[in-house]
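Chains as they are written, first to last, in the numbering used here: chain V, 405 to 637; chain C, 6 to 89. Beta carbons are placed, not taken as given, at the ideal position from N, Cα and C, and that holds for glycine. Take a look at the structure below.
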Amino acid sequence: MRSRRLEVKVIGLGGIGSALVPFLARLLDAREPPPRLTLIDGDEFQAHNRVRQAFPAYGNKAIILTGEIARTFDRLSVRAVPAYVREENVASLVVEGDYAMLAVDNHPTRRIVSDHCSSLRDVVVISGGNELTDGNVQVFIRRAGEERCASLTRYHPEIARAGDLLPAEGCDLRTSAEPQLLVTNLAVASAMLNAFHACLEGDIAYEEVYLDILAGKMNPVVRGGTRWLRSAP
Amino acid sequence: MVTLGTMSSVTVVHGIHRLTLPLVGRAVGGVRHSLAPVLNIGADTMAVVNGGMVGEDYVLAPDDLLEFVRLAGEKGKVRDGGRG
């Protein structure tokens with residue numbers, strides 16, 4: 405019996421997302437049937453991004469990276485959505501059965517995706533974020549209409565109460581004021597892939613993991629109890 | 006002799022930190038006050054015991070898991086109070 409085709413959406417292709425995608429694509433390329441990968445970002449790759457991000461050309465990140473991935477992994481079905489996620493389009497971008505890899509740099513987008521996914525019956529959201537030298541990855545799972553791992557907002561009021569300052573409305577100003585480190589982005593991307601692999605294997609053992617590159621530590625956290633976890637997907 | 010556990014301990018989590026301490030009978034607010042300078046616990050972080058949100062007056066019981074939920078990473082800023 406053929407298994408259902410895996411649908412993976414990567415939202416945000418900045419420092420974390422652009423580090424995540426090549427390895428995610430390689431992981432997906434080995435699966436049968438070949439999954440579909442959708443890369444979503446309305447942002448443009450510009451000269452100042454080169455410190456942390458590897459794109460072969462300037463222009464929309466989703467379009468450029470989709471071309472690269474499609475050339476490298478010809479079994480995968482890859483498509484670009486050159487748009488930011490908003491209240492108005494989230495329902496068409498993340499749908500039932502999806503794995504959403506959320507690699508954005510703002511809480512309003514996390515809130516929009518989390519709230520929308522709370523209305524779906526079956527979805528997995530893996531969300532990573534970082535500050536300068538530390539970060540975290542949250543795992544949000546719904547199966548058969550039941551929440552198996554908490555939404556992104558349940559234990560994070562800073563996300564639940566995030567305002568409406570979305571990318572293209574203030575992101576560029578904050579970028580220059582708050583520099584990021586490539587190594588922290590990479591650590592979070594790696595932790596997101598760990599969580600993705602564990603979810604695919606039905607063996608996720610935590611709801612959130614914290615990491616710190618200077619301390620060299622990761623700490624997985626379970627809040628709702630292990631009844632939610634293991635064999636979750 | 007190896008001691009695998011003690012009935013009088015509480016596990017405290019904040020970010021990358023995880024400690025097992027003899028805090029049974031202590032209120033969450035007092036624990037926050039005591040550990041804040043050690044673990045860089047912010048005053049605005051939510052307190053969660055065994056998965057449920059609790060107030061500062063909650064009294065800890067044996068084997069409780071107390072977490073002061075560290076704020077989610079957002080965009081590269083240097084955290085107040087440093088590592089946690």
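So, for residue i: in the same chain, excluding its five sequence neighbours on each side, which residues have a beta-carbon less than 6 Å away from its beta-carbon?
i      : result
V:V541 : G532, A595, M596, A599 and V613
V:V482 : L441, T470, I473 and A474
V:I617 : T537, V587, T588 and A591
V:A593 : I420, A423 and L424
C:G34  : E61
V:P571 : Y488
C:V64  : A32
Spatial neighbours of residue i within its chain, please: C-beta separation below 7 Å, excluding the five flanking residues on both sides.
i      : result
V:R435 : L410
C:S13  : P27, V29 and P67
V:A554 : F544, E611, R627 and G628
V:R456 : G419, Q584, L586 and N589
V:I467 : A484 and P486
C:T25  : S14 and T16
How about residue i and residue j: are their beta carbons less than 8 Å apart?
i      : j      : result
C:V29  : C:V15  : yes
V:N453 : V:P486 : no
V:E438 : V:L480 : The displayed chain sequence assigns Pro, not Glu, to residue 438 of chain V. The answer is yes: Cβ separation under 8 Å.
V:F459 : V:S518 : no
V:A564 : V:T557 : yes
C:E72  : V:R490 : no
V:H511 : V:E562 : yes
V:E605 : V:V625 : no
C:D62  : C:A32  : yes
V:G641 : V:D526 : For chain V, the structure presents residues 405 to 637; residue 641 of chain V sits outside this window and is missing.
V:V412 : V:A507 : no
V:N623 : C:R23  : yes
V:G446 : V:D509 : no
Could you list which residues in chain V have their beta carbon closer than 8 Å to that of residue i, in chain order?
i     : result
C:R75 : N540 and Y614
Using DSSP with H/G/I as helix, E/B as strand and the rest coil, what is residue i?
i      : result
V:T557 : coil
V:L590 : helix
C:L26  : strand
V:P439 : coil
C:V36  : helix
V:I617 : coil
V:S522 : coil
V:I545 : strand
V:A423 : helix
V:P434 : Before going on, a small fix: residue 434 of chain V reads as Ala here, not Pro. Looking at V:A434 - three-state DSSP - the assignment turns out to be coil, as it is neither helix nor strand.
V:L506 : strand
C:G56  : coil
C:T50  : coil
V:C575 : Residue confidence for V:C575 is low, a pLDDT of 46 falling below 50, so the modelled location carries little weight; the figure read from the coordinates is stated next. Here V:C575 sits in helix by DSSP.
V:N623 : strand
V:G532 : strand
V:F600 : helix
V:R483 : strand
C:V43  : helix
C:L70  : strand
V:V527 : strand
V:T537 : coil
V:K413 : strand
C:T8   : In this prediction, C:T8 has a pLDDT of 48, which is less than 50 and means its spatial position is unreliable; what the coordinates show is noted afterwards. Here C:T8 sits in coil by DSSP.
V:R552 : strand
V:N453 : helix
What does residue i touch in chain V if you count any residue whose Cβ is under 7 Å from its own?
i     : result
C:R23 : N623
C:V53 : Y559 and R627
When you measure from the CB of residue i to every non-hydrogen atom of the ligand SAH, does any distance come out below 7 Å?
i      : result
V:C521 : Looking for the ligand SAH in the displayed structure turns up nothing, as the structure carries no ligands at all.
Identify, in the order they occur along the chain, each residue of the same chain with its Cβ nearer than 8 Å to the Cβ of residue i, setting aside the five sequence neighbours on each side.
i      : result
C:G78  : none
V:F477 : A429, R430, L432 and D433
V:V494 : I516, V517 and H520
C:M58  : M51 and A52
Residues of chain C with a CB under 8 Å from the CB of residue i: which are they?
i      : result
V:H511 : A77 and E79
V:A599 : What V:A599 touches in chain C: nothing, since even the nearest Cβ is about 14 Å away.
V:I516 : The premise fails here: V:I516 is roughly 15 Å from chain C at the closest Cβ pair, so nothing lies under 8 Å.
Taking residue i as the query, report the chain C residues whose CB atoms sit under 9 Å from its CB, ordered along the chain.
i      : result
V:N534 : G78, E79, K80 and G81
Run down chain V in chain order and give the residues with a C-beta less than 9 Å from the C-beta of residue i.
i     : result
C:E72 : Y559, V625 and R627
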